[in-house]
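J.:
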Amino acid sequence: MKHLYGKPFPTILSLLFAVLLCASASQAEQGPLMMATTTSTDNTGLLEYMAPLVKEATGIELKWVATGTGQALKLGENCDADVLMVHAPAAEKAFVEAGFGLNRRQFMYNDFIIIGPEADPAGIKGKDTCGAFKAVLDSKAVFVSRGDDSGTHKKELALWNDCVNAVPDKEGWYRQAGQGMLATINIAGEQTGYTLTDRGTYISYEANLGGNPPLRILSEGDQKLLNQYSVIEVNPERCPKAQQELARKFGDWLVSKEGQNAIAAFKLEGKQLFFPNAEGN
Amino acid sequence: MTREPLLRLRDVRQVYNDRTVLDVAELSIDPGTITGLSGPNGSGKSTLLKILSLSERCTSGTVYFQGRAVLPFDAEAHQQITMLPQVPHLLTRNVFNNIAYGLKIRGRKTGLRDNVAAAMDLVGLDSSFAARQWHQLSGGEAQRVALAARLVLKPLCLLLDEPTASVDMESARAIRRAILLARKEWGTTLVITSHNQSWLNDLCDSVIYQYNGRILDCSLENILLGPWLKNDRQEFCKKLADGQFILVPSPPGPDSIAVIAPEVLKLTNALPDHAAHTLTGTVIGIYLDRHSSEPRIHVVCGDHRLVANVPDLNFNGKALLPGQTVTLHYLLENITWLMK
Amino acid sequence: MEFILEGLAKAFVLLLQGDQETYSAVWATVQAASMSMTVSLLIGIPLGYLLGYLNFPGKKGVRTVVDTLLSLPTVFIGLLVYAFISNRGPLGEFGLLFTLTGIAVGQTILALPVVIALTATAVESLDRSLRLTLISLGSSQKQIFLTSVVEARLGILIAAITASARVLTEVGISMMVGGNIKWDTRTITTAIALETNKGQFASGIALGLVLLAIAFVISFSLSFLRRRT
């Protein structure tokens, strides 16, 4: 193709390439703190609220990619993030044990709730978590699962195993959506079924439907339904580009009195979503 | 002093898919001449033209331009030789830009407007045509634009493939005028193909007849092609559309070509004797032979147009007129055969 | 259903009020698309020309491969590009992940088959006598290329429009390679995905309409080009 564009072509191409490289390279040197997190922290608006506070307190510019927990952990493993904020304790522990991450610190929780149609065909209202799950299983009521390896999904699977010793994977009434939380709730709404969701997404869903959604909270408050969030630094020994000092600083702020108070002060539709529980607080 | 031929072919053969479409042992085109190339469809005229214009590589043989052996697309030679294809193909732009294209790609941009205007004038196109788009032209107008696009380059050599086939009369006239002017003004060498033999004969200095890929360098009147049949009397003949038979002596080969020179055909009244043979037909035209300035008549016998010299346009005391039925006769031994 | 009407109203508000987030997403979309379209046209048109113009052994095979690549799913491309530009991948040092340049790389892969295939078709449908005409006027191979491209301009324009449409509307690459980072790599399409995920359907519709408005402006200006040719 050289003869088509004449002699300058290879020069122009390499110049273009060089400019692009420099532009992107300069970004990579001393940049903002790259965080991989899950959709629940982003979609609720918590991170939007937190970012300026972090900047003011620590000078760190926070940038984040919100995906499912599985993908977030993978990004950490591939050294594409400096710090992780996820809610899947078992997977996180495995992550740290494998040497991908350091200094896992729990710092807040929110809770899951079981929602379902107002008519409650399986009769789970008022029951505790395992009671509710058993009731769904016995009555073969429609249950919609995230089915996407997210933190919520992992939680749900753990509960099935815990309560009835099996995941109803192949049952007809057990529908696996493979999508985000809101989409899953909508599917449950359409099919008048039950689902497990985090409280934050439910609050948004309820607000969107003008306070009168087809699905209501039927079971909540059980210890088992607690959703623990942790912050993990990506291991710089594996990932030389990981900005560990900044990640450490960020984590320090999260567990500090200031950070914890900020978390507690965050409200969605006037209701508190996340509850600080860092050690020593 | 013999001038170096402008173009020369030596032992050139062109083979497509095992079929030899062109086989020329020797062909020279002298500078400043107008050469006609005649022959039936499929005789290889277009192929010969493509090779002469250096746009196609021949299977074997050499092409010489100004004495120098050249390959197709030879940069220097290519700038001097241009060809006008049979179907005018214009670029999707207006007339002005079509004509100016050749000059622009050669970087000859000074005086562009004037050059284009002169070329348009040469082919008889009014200046109002300049802004017309390529799709707003009739067939003849398009052909003239295409010709102008080539004339504007003042080429050393211009090759034209059936330039007046399927164009209107006015365009045909304009094209002919332009061709002659080009030779007169710039000494352009021209090679023109056509299956209209009389038109070529009238326009060209010399005409080459092509048949089956081979060159027959002779005057092209009264050429009779095979195959030859035998009648009941074991004589060789060719059957005409109206049922007449042209008798010929024994042909050297099954595909031989017979020629009846115009001088050999004579008007007659009398019934033939055994050694002469006759053909009856209708006079369709009376012409002046450019070369000998003698009158000759064109007679249609069956589907063949034959030319006969007539020293005297009066026959049987009456003037010859188109539309008359006449009888021509010839002696068998006066028929010549062309080498196959 | 109401969210569609709500979205329509919101679209006007977003555009006229100069909503920063929206304009940031628009600018990100435009940047990525410009980069990818420029590169894919510069490389794709000559390649498409060669594919349409030349006859070589295996031409049919190449054409089939190119046509197959027209159906590359964007998430698939996103995944492939991620694998290469991730810090653990071979091109990790260039730091292209989560940048608009990275998105542009993926979009170029998306657009190239479109440009090549449609340009090849446009060149193939050129009259065969064009080549003879240009040769008879003394054009070099380079001039034949340039003039053929000009002659095939309508078909190539269609190629460009089709490729841009694919690039402007894709989500898979922008999401995977860009990361949907606010102010940085959040494009209109990833913003729509986010708003939908959050349940803000009206916002999703609004952003979609903004994208349509941009596409309309582009088509409108290109229609002038069409008329002039």
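Residue numbers (our numbering), protein chains in the order written: chain V, 21 to 301; chain H, 224 to 563; chain C, 617 to 845.
From the three backbone atoms N, C-alpha and C, an ideal C-beta is built for every residue, glycine too.
Following the continuous alpha helix (DSSP H) through Val642 (chain C), name the residue where it begins and the one where it ends.
T.: For the purposes of this step, residue 642 (chain C) is identified with residue 26 of the third sequence, where counting begins at 1. First-last of the alpha helix (DSSP H) with Val642 (chain C): 636-669.
J.: Could you please give me the residues that DSSP links to Thr258 (chain H) through a beta bridge?
T.: As a first step, residue 258 (chain H) is located in the second sequence; it is residue number 35 there, counting from the start. Note: Thr258 (chain H) sits in a beta bridge opposite H:Val414, H:Ser429.
J.: Given a threshold of 16 other Cβ atoms within 10 Å of its Cβ, counted over all protein chains shown, does His358 (chain H) qualify as buried or as exposed?
T.: As a first step, residue 358 (chain H) must be located in the second sequence, where it is residue number 135. When all chains shown are included, His358 (chain H) counts as exposed.
J.: Mind pulling the chain H residues with CB within less than 9 Å of Leu838 (chain C)?
T.: Counting from 1 along the third sequence, the entry for residue 838 (chain C) is found at position 222. None at all; the shortest Cβ gap to chain H is about 18 Å.
J.: Just to make sure I have the definition right: I need the residues of chain C whose C-beta is within less than 8 Å of the C-beta of Pro308 (chain H). Which are they?
T.: Residue mapping note: residue 308 (chain H) aligns to position 85 of the second sequence, counting from 1. In chain order: Ser745, Leu748, Thr749, Ser752.
J.: Find the residues of chain V that neighbour Ile725 (chain C), judging by a C-beta separation of less than 8 Å, and give them in chain order.
T.: In the third sequence, counting from the first residue as 1, residue 725 (chain C) sits at position 109. Close partners of Ile725 (chain C) in chain V (Cβ separation under 8 Å) are lacking, with about 16 Å as the shortest Cβ gap.
J.: Does any CB atom of chain H fall closer than 8 Å to the CB of Ser764 (chain C)?
T.: Residue mapping note: residue 764 (chain C) aligns to position 148 of the third sequence, counting from 1. No - not a single Cβ of chain H is within 8 Å of the one on Ser764 (chain C).
J.: What in chain H is Cβ-close to Ser741 (chain C), meaning under 8 Å?
T.: Here residue 741 (chain C) refers to the residue found at position 125 of the third sequence. Residues of chain H passing the Cβ test: none, with the nearest at roughly 13 Å.
J.: Under 8 Å, Cβ to Cβ, is there at least one residue of chain C near Phe295 (chain V)?
T.: By one-based count along the first sequence, residue 295 (chain V) stands at place 275. Closer than 8 Å: no.
J.: If you pair each beta-carbon of the region 290-299 of chain V with each one of the region 151-160 of chain V, do three or more pairs fall below 8 Å?
T.: no
J.: Tell me, please, whether the CB atom of Gln816 (chain C) is closer than 8 Å to any CB atom in chain H?
T.: In the third sequence, the residue the question calls residue 816 (chain C) occupies position 200. Taking Cβ atoms only, chain H never reaches closer than 8 Å to Gln816 (chain C), which makes this a no.
J.: Taking only the alpha-carbon atoms, compute the straight-line gap between Ile252 (chain H) and Leu229 (chain H) and give it to the nearest angstrom.
T.: Here residue 252 (chain H) refers to the residue found at position 29 when the second sequence is read from its first residue. Here residue 229 (chain H) refers to the residue found at position 6 when the second sequence is read from its first residue. Ile252 (chain H) and Leu229 (chain H) have their alpha carbons spaced roughly 6 Å apart.
J.: Using a C-beta to C-beta distance shorter than 8 Å, which residues of chain C count as neighbours of Ala531 (chain H)?
T.: Sequence index remark: in the second sequence, residue 531 (chain H) carries index 308 (1-based). None at all; the shortest Cβ gap to chain C is about 40 Å.
J.: With H, G and I counted as helix, E and B as strand and the rest as coil, what does DSSP make of Ile725 (chain C)?
T.: Locating residue 725 (chain C) in the third sequence gives position 109, counting from the first residue. Three-state result, Ile725 (chain C): helix.
J.: Check the DSSP bridge columns for Met306 (chain H) and list the partner residues they point to.
T.: On the second sequence, position 83 is the one that residue 306 (chain H) refers to. Met306 (chain H) pairs with H:Leu382.
J.: Starting from Ile85 (chain V), find everything on chain C with Cβ-Cβ shorter than 8 Å and list it in chain order.
T.: Your numbering for residue 85 (chain V) matches position 65 in the first sequence. Looking at the sequence itself, residue 85 (chain V) is Val, so the reference to Ile does not match. Simply Phe714, Gly795, Asn796, Ile797.
J.: Under the assumption that Ser224 (chain V) contacts Ile133 (chain V) (Cβ atoms under 8 Å), give the Cβ distance between them as a whole number of angstroms.
T.: As a position in the first sequence, residue 224 (chain V) is number 204, starting the count at 1. As a position in the first sequence, residue 133 (chain V) is number 113, starting the count at 1. That belief does not hold up - the Cβ atoms of Ser224 (chain V) and Ile133 (chain V) are roughly 13 Å apart, past 8 Å.
J.: In this structure, how does DSSP classify Ile480 (chain H) when only helix, strand and coil are distinguished?
T.: Within the second sequence, residue 480 (chain H) is the residue found at index 257, counting from 1. Note: Ile480 (chain H) maps to strand in three-state DSSP.
J.: Assuming Pro378 (chain H) contacts Ile304 (chain H) under a Cβ cut-off of 8 Å, what Cβ separation, rounded to an integer in Å, is found between them?
T.: What you label residue 378 (chain H) is simply residue 155 of the second sequence in a count that begins at 1. What you label residue 304 (chain H) is simply residue 81 of the second sequence in a count that begins at 1. Right, the Cβ-Cβ distance comes to about 7 Å (below 8 Å), so this counts as a contact.
J.: If you measure from the beta carbon of Gln759 (chain C) to each beta carbon in chain H, is any gap under 8 Å?
T.: Sequence index remark: in the third sequence, residue 759 (chain C) carries index 143 (1-based). At least one chain H Cβ lies under 8 Å of Gln759 (chain C).
J.: What do you reckon, is the C-beta of Ala405 (chain H) under 7 Å from a heavy atom of the ligand COA?
T.: The ligand content of the structure shown is nil, which means the ligand COA is not present either.
J.: Taking only the alpha-carbon atoms, compute the straight-line gap between Phe120 (chain V) and Val254 (chain V) and give it to the nearest angstrom.
T.: Working through the first sequence from its first residue, we reach residue 120 (chain V) at position 100. Working through the first sequence from its first residue, we reach residue 254 (chain V) at position 234. Whole-angstrom Cα-Cα distance: 6 Å.
J.: Quick check on Ser250 (chain V): does DSSP put it in helix, strand or coil?
T.: Here residue 250 (chain V) corresponds to residue number 230 of the first sequence, with the count starting at 1. Strand at Ser250 (chain V).
J.: Kindly list the residues whose CB is nearer than 6 Å to the CB of Glu486 (chain H), restricted to its own chain and excluding five residues on each side of it in sequence; keep chain order.
T.: For the purposes of this step, residue 486 (chain H) is identified with residue 263 of the second sequence, where counting begins at 1. Here the set comprises Asn532.
J.: Going by the beta-carbon positions, is the gap between Arg679 (chain C) and Cys99 (chain V) smaller than 8 Å?
T.: Indexing the third sequence from 1 puts residue 679 (chain C) at position 63. Indexing the first sequence from 1 puts residue 99 (chain V) at position 79. Contact flag unset, no.
J.: How big is the Cα-Cα spacing for Ile402 (chain H) and Leu413 (chain H)?
T.: As a first step, residue 402 (chain H) is located in the second sequence; it is residue number 179 there, counting from the start. As a first step, residue 413 (chain H) is located in the second sequence; it is residue number 190 there, counting from the start. Going from the Cα of Ile402 (chain H) to the Cα of Leu413 (chain H) covers about 8 Å.
J.: Can you list, in chain order, the stretches of the alpha helix (DSSP H) that have 4 or more residues and sit fully within the region 260-290 of chain V?
T.: 264-275, 277-285
J.: Please check if any C-beta of chain H sits within less than 8 Å of the C-beta of Glu786 (chain C).
T.: As a position in the third sequence, residue 786 (chain C) is number 170, starting the count at 1. False, the Cβ-Cβ gap to chain H never drops below 8 Å.
J.: Three Cβ pairs or more, each shorter than 8 Å: is that satisfied between the region 712-728 of chain C and the region 799-814 of chain C?
T.: yes
J.: In terms of alpha-carbon separation, which member of C:Leu726, C:Tyr669, C:Ser764, C:Ala831 lies closest to Ser790 (chain C)?
T.: By 1-based counting over the third sequence, the position of residue 790 (chain C) is 174. Ranking C:Leu726, C:Tyr669, C:Ser764, C:Ala831 by Cα distance to Ser790 (chain C) puts C:Leu726 first.
J.: Report the residue from H:Leu447, H:Leu490, H:Gly504 whose alpha carbon sits nearest the alpha carbon of Ala481 (chain H).
T.: To locate residue 481 (chain H), count along the second sequence from 1; it is residue 258. Of H:Leu447, H:Leu490, H:Gly504, the residue nearest in Cα terms is H:Leu447.
J.: Give me the Cα-Cα distance between Ile483 (chain H) and Ile558 (chain H), rounded to the nearest whole angstrom.
T.: The residue labelled residue 483 (chain H) in the question sits at position 260 within the second sequence. The residue labelled residue 558 (chain H) in the question sits at position 335 within the second sequence. So the alpha carbons of these two residues sit roughly 5 Å apart.
J.: Would you call the region 265-279 of chain V in contact with the region 232-248 of chain H, where contact means no fewer than 3 C-beta pairs closer than 8 Å?
T.: no
J.: Only counting the same chain, and skipping five residues up and downstream in sequence, which positions put a Cβ closer than 6 Å to that of Leu423 (chain H)?
T.: Within the second sequence, the letter at position 200 stands for residue 423 (chain H). The answer, listed in chain order, is Gly259, Ser261, Ser417, Val430.
J.: What is the rounded straight-line gap between the Cα of His521 (chain H) and the Cα of Val549 (chain H)?
T.: Translated into the one-based positions of the second sequence, residue 521 (chain H) becomes position 298. Translated into the one-based positions of the second sequence, residue 549 (chain H) becomes position 326. Cα to Cα, His521 (chain H) sits roughly 11 Å from Val549 (chain H).
J.: Here's a check: name, in chain order, each residue in its chain whose Cβ is nearer than 7 Å to the Cβ of Ala663 (chain C), leaving out the five neighbours to either side.
T.: For this step, residue 663 (chain C) is matched to residue 47 along the third sequence. Just to set this straight, residue 663 (chain C) is Leu in the shown sequence, not Ala. Within the same chain, Leu663 (chain C) has close Cβ partners Ile732.
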